[in-house]
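Protein sequence lines, in the order shown, are assigned to chains A and B.
The first sequence runs contiguously to residue 313 in numbering that gives the first Met the number 0.
The second sequence runs contiguously to residue 295 in numbering that gives the first Met the number 0.
Idealized CB from N, CA, C, for every residue including glycine.
Here is the structure we will look at.
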Amino acid sequence: MAHPVLDLTGRRNRGEAAFGGLARFAGILVLIVLSLIALVMTTRAWPALTSGNFFTTKRWSVPDEVFGSLAFVFGTIVSATVAICLAVPISIGIALFVTQVSPGWLKKPIVYSVDLLATVPSVVFGFWGISVLAPKIMGFYESVHDLTSGIPGLRSLFGQPNGRSMFTAGIILAIMITPIVSSLSREVISTCPQGDREGALALGATRWEMIRAVVIPHSSGGLVGAVMLGLGRAMGETIAATLVIGSSAQITANLFGAGNSMPAVIASEWGEALGQHRSALTALAVTLFALTIIVNVLATSIVSRSRRRAQGTI
Amino acid sequence: MTSTMTTGNSTIDLGATGGWRSIKSRLMIGLLGTAFVIVMIPLVLVLATVIMRGGKVMSWSFLTSDIAASERRTSGGIGPAIVGTLLTTGIATAIAAPLGVLGAIYLAEYAGTSLLGRVVRFMSSVMTGVPSIVMGLFVYLLFTLRFKQNAFGGALALACLMLPIIIRSTEEMLRLVPTTLREASYGLGTSKARTIISIVLPAALPGVVSGVLLAVARAAGETAPLLFTIGAAKGLNLQPFSGANTALSAQIFGNASSPVEAAQARGWGAALTLVALAFSFTIFARLVSARFSSQR
Numbered sequence: 000m001a002h003p004v005l006d007l008t009g010r011r012n013r014g015e016a017a018f019g020g021l022a023r024f025a026g027i028l029v030l031i032v033l034s035l036i037a038l039v040m041t042t043r044a045w046p047a048l049t050s051g052n053f054f055t056t057k058r059w060s061v062p063d064e065v066f067g068s069l070a071f072v073f074g075t076i077v078s079a080t081v082a083i084c085l086a087v088p089i090s091i092g093i094a095l096f097v098t099q100v101s102p103g104w105l106k107k108p109i110v111y112s113v114d115l116l117a118t119v120p121s122v123v124f125g126f127w128g129i130s131v132l133a134p135k136i137m138g139f140y141e142s143v144h145d146l147t148s149g150i151p152g153l154r155s156l157f158g159q160p161n162g163r164s165m166f167t168a169g170i171i172l173a174i175m176i177t178p179i180v181s182s183l184s185r186e187v188i189s190t191c192p193q194g195d196r197e198g199a200l201a202l203g204a205t206r207w208e209m210i211r212a213v214v215i216p217h218s219s220g221g222l223v224g225a226v227m228l229g230l231g232r233a234m235g236e237t238i239a240a241t242l243v244i245g246s247s248a249q250i251t252a253n254l255f256g257a258g259n260s261m262p263a264v265i266a267s268e269w270g271e272a273l274g275q276h277r278s279a280l281t282a283l284a285v286t287l288f289a290l291t292i293i294v295n296v297l298a299t300s301i302v303s304r305s306r307r308r309a310q311g312t313i
Numbered sequence: 000m001t002s003t004m005t006t007g008n009s010t011i012d013l014g015a016t017g018g019w020r021s022i023k024s025r026l027m028i029g030l031l032g033t034a035f036v037i038v039m040i041p042l043v044l045v046l047a048t049v050i051m052r053g054g055k056v057m058s059w060s061f062l063t064s065d066i067a068a069s070e071r072r073t074s075g076g077i078g079p080a081i082v083g084t085l086l087t088t089g090i091a092t093a094i095a096a097p098l099g100v101l102g103a104i105y106l107a108e109y110a111g112t113s114l115l116g117r118v119v120r121f122m123s124s125v126m127t128g129v130p131s132i133v134m135g136l137f138v139y140l141l142f143t144l145r146f147k148q149n150a151f152g153g154a155l156a157l158a159c160l161m162l163p164i165i166i167r168s169t170e171e172m173l174r175l176v177p178t179t180l181r182e183a184s185y186g187l188g189t190s191k192a193r194t195i196i197s198i199v200l201p202a203a204l205p206g207v208v209s210g211v212l213l214a215v216a217r218a219a220g221e222t223a224p225l226l227f228t229i230g231a232a233k234g235l236n237l238q239p240f241s242g243a244n245t246a247l248s249a250q251i252f253g254n255a256s257s258p259v260e261a262a263q264a265r266g267w268g269a270a271l272t273l274v275a276l277a278f279s280f281t282i283f284a285r286l287v288s289a290r291f292s293s294q295r
């Protein structure tokens, strides 16, 4: 919204223009920082990006100066996918519960306690994951491994278990993205028109039937956006994944096996890296940056589209 | 007689046996409630672990003494790390808060529906999703390579992280200020910049402050942006521009993967301190915004 002002004095005020200019500069700063990130990192990563095998091999060997990113791209995608599969049903469930089911007095406590999860620093989740969850969850992994050992397909998904694994990383990431996915879903779901919901109930639908027939179809677009934003967060989360993912550059179908993700490799190897190794790590950061920008651009446009639709402007 | 209800692709048979439908509805609603219970389990477990293990080492001397010279020592504290966290987060806030609020003023008061405004708004949303490790690496390449590791570099990385968060929350708060307030101010002959500074900002202040505090809480807990930019000091360093520093999150990360029991214990102590710090910022933010909404 612009707020036009009649200039009654007829004098142009310098302070006025300066303040407007300053505000405009602060806004443009976002674009400057984003372009600088892309420019500075791509320049440094150029030798590795053009070495020919960065996107084609999974071999990552410092002594041989062979740096292929495939194993880390794989680990990033697998752990983020596990996180999404665990977090999405729970987050949407919470959002539906808060907006459609819970009595008014219960809403705030639920929202606040889910938000509390977002306040716990990621390194604390990682620390808990490595020293409490990883040893304790081995028993569960082993029983799943034993149960599925006769079933082809599942047998390779749930192979030889390891406490620090892509699945453990997925669990920790799921805990960390639940607050953001559930708060975005809540926002999307709460735009569902009251009249439609009451209409369904008046036709004799039960509360669940109302949710399934009115609320979910109405908000499915926005929910997809919310899930994608969660995916972006899960892919970029560094510290917790570094601690629990197991640090092993392999491509395996075994979800219980150790893996490594792009941010985790950068965090653990940057300190000792030199020359081409450093360039390769920067190239990983560029890949991660590009991937999260793409996911976030898609997700943000989906979410803002559904927001505008709710306001009735399109 | 059969009646059905159709929305989109799903058709619900309203004539089906009533008993089963109501049981199914209760079952599904029970499942939705269970989702909340499930998510509370890790929160309670993590907090309980942090409080129990961190409480064991907590003492005044732990909070104030220097970092242990070697991880095998049983003595040593986190004093420099607490100071480092407050220092880096403080500088980051001093950089990001004014710029973020100004950026939000541009979006809410000046940009309107212009192309630049829409691009800036969209990209600041996108920027909130840029991984924090990327910010850390960016500041390392741009700043740390030239000026060595120090608290200011860490603060720059945190500021990059906070900027879009503050822009988004502040813009929302500025939009809540009624247009009539602005028009009344214009009606008195006040200029636009004056109106924003002395009418709009004060009206939105509690909401703006609460948004900034939430960003501070988030930044205080971040590890990845500090990893390469801040260094690893063992002693107190109040100089932002010279010499390595340290932070609570970096101490937790360093101790988490250590096999030494004493180091792990110190890590839990640091975790308890950091969680308490982040929680108090969040609670403070909630109190500020609660006062805001009761005023309206």
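Can you give me the start and stop residues for the alpha helix (DSSP H) that residue i sits inside?
i	result
Cys191/A	Careful: Cys191/A lies outside any alpha helix (DSSP H) and carries neither H nor E.
Asp114/A	103 to 118
Met161/B	150 to 175
Pro88/A	69 to 95
Ser123/B	114 to 126
Pro130/B	Counting along the chain, Pro130/B falls outside any alpha helix (DSSP H), and DSSP gives it neither H nor E.
Asn253/A	Segment: none, Asn253/A is in no alpha helix (DSSP H) and carries neither H nor E.
Asp145/A	133 to 146
Leu242/A	238 to 243
Trp127/A	121 to 127
Pro79/B	78 to 104
Arg232/A	215 to 235
Trp59/B	59 to 63
Pro205/B	200 to 219
Trp45/A	13 to 48
Arg193/B	191 to 194
Phe288/A	274 to 310
Ala249/B	247 to 255
Pro262/A	261 to 268
Look at the alpha carbon of residue i and the alpha carbon of residue j, and state the distance between them as a whole number of angstroms.
i	j	result
Leu44/B	Asn52/A	44 angstroms
Lys297/B	Thr87/B	A query on residue 297/B cannot be resolved here, the shown segment of chain B reaching from 0 to 295 and no further.
Pro62/A	Ser257/B	26 angstroms
Asn244/B	Ser124/B	31 angstroms
Leu115/B	Ile195/B	20 angstroms
Ala297/B	Ile83/A	Residue 297/B is absent from the model: chain B starts at 0 and stops at 295.
Val199/B	Ala107/B	11 angstroms
Pro224/B	Arg277/A	17 angstroms
Ala201/A	Asp195/A	10 angstroms
Met0/A	Lys191/B	Residue confidence for Met0/A is low, a pLDDT of 49 falling below 50, so the modelled location carries little weight; the figure read from the coordinates is stated next. Each residue's Cα considered, the two are about 13 angstroms apart.
Pro88/A	Tyr111/A	19 angstroms
Pro201/B	Met134/B	32 angstroms
Gly9/A	Ala282/A	Low confidence applies to Gly9/A: its pLDDT is 49, below 50, so where it sits in the model is not reliable enough to give any reading.
Met27/B	Trp207/A	7 angstroms
Leu38/A	Thr48/B	43 angstroms
Leu230/A	Arg13/A	47 angstroms
Ala68/B	Arg217/B	29 angstroms
Ile188/A	His217/A	8 angstroms
Ala219/B	Phe73/A	31 angstroms
Val302/A	Ala225/A	7 angstroms
Using alpha carbons as the reference points, say which of the options lies closest to residue i.
i	options	result
Val77/A	Gly274/A, Arg277/A, Ala240/A	Ala240/A
Ala86/A	Ser68/A, Met227/A, Val123/A	Met227/A
Arg306/A	Leu116/A, Gly152/A, Gly220/A	Gly220/A
Val322/A	Asp195/A, Thr251/A, Ser121/A	The displayed coordinates of chain A run from 0 to 313. Any statement about residue 322/A would go beyond what the structure contains.
Phe255/A	Leu222/A, Ala94/A, Glu141/A	Glu141/A
Ile176/A	Ser24/B, Ile28/B, Leu42/B, Thr33/B	Leu42/B
Gly235/A	Asn236/B, Ser58/B, Glu221/B	Glu221/B
Ala298/A	Ala257/A, Arg232/A, Trp127/A, Leu172/A	Arg232/A
Ser74/B	Val287/B, Gly266/B, Leu155/B, Phe280/B	Gly266/B
Val129/B	Arg163/A, Arg304/A, Ser34/A	Ser34/A
Just to confirm, are residue i and residue j a CB contact at a threshold of 8 angstroms?
i	j	result
Leu132/A	Thr167/A	yes
Leu280/A	Ala272/A	yes
Ser297/B	Ala277/B	Residue numbering for chain B in the displayed model covers 0 to 295; residue 297/B lies beyond these limits and cannot be assessed.
Val119/A	Val274/B	yes
Leu98/B	Ala25/A	yes
Ala34/B	Ala91/B	no
Point to revise | Residues within the stretch 98 to 113 of chain A neighbouring chain B, beta-carbon criterion of under 7 angstroms | key: Taking 7 angstroms as the Cβ-Cβ cut-off, the stretch 98 to 113 of chain A approaches chain B at Val100, Ile109, Ser112, Val113, given in chain order.
Review point. What residues in the stretch 23 to 34 of chain A have a beta carbon less than 9 angstroms from any beta carbon of chain B?
Key: Residues Arg23, Phe24, Ala25, Gly26, Ile27, Leu28, Val29, Leu30, Val32, Leu33.
Practice item. Return the residues of the stretch 175 to 206 of chain B that lie within a Cβ-Cβ distance of less than 9 angstroms from chain A, sorted by chain order. Key: Flagged, chain order: Thr178, Arg181, Glu182, Tyr185, Gly188, Thr189, Ser190, Lys191, Ala192, Arg193, Thr194, Ile195, Ile196.
Point to revise | Contact list for the stretch 96 to 112 of chain B against chain A, Cβ threshold 9 angstroms | key: So the list reads Pro97, Leu98, Gly99, Val100, Leu101, Gly102, Ala103, Ile104, Tyr105, Leu106, Ala107, Glu108, Tyr109, Ala110, Gly111, Thr112, given in the order they occur along the chain.
Practice item. Quick one: which residues of the stretch 116 to 142 of chain B get their C-beta closer than 9 angstroms to a C-beta of chain A? List them in chain order. Key: Residues passing the 9 angstroms Cβ filter: Gly116, Val118, Val119, Arg120, Phe121, Met122, Ser123, Ser124, Val125, Met126, Thr127, Gly128, Val129, Pro130, Ser131, Ile132, Val133, Met134, Gly135, Leu136, Phe137, Tyr139, Leu140, Leu141.
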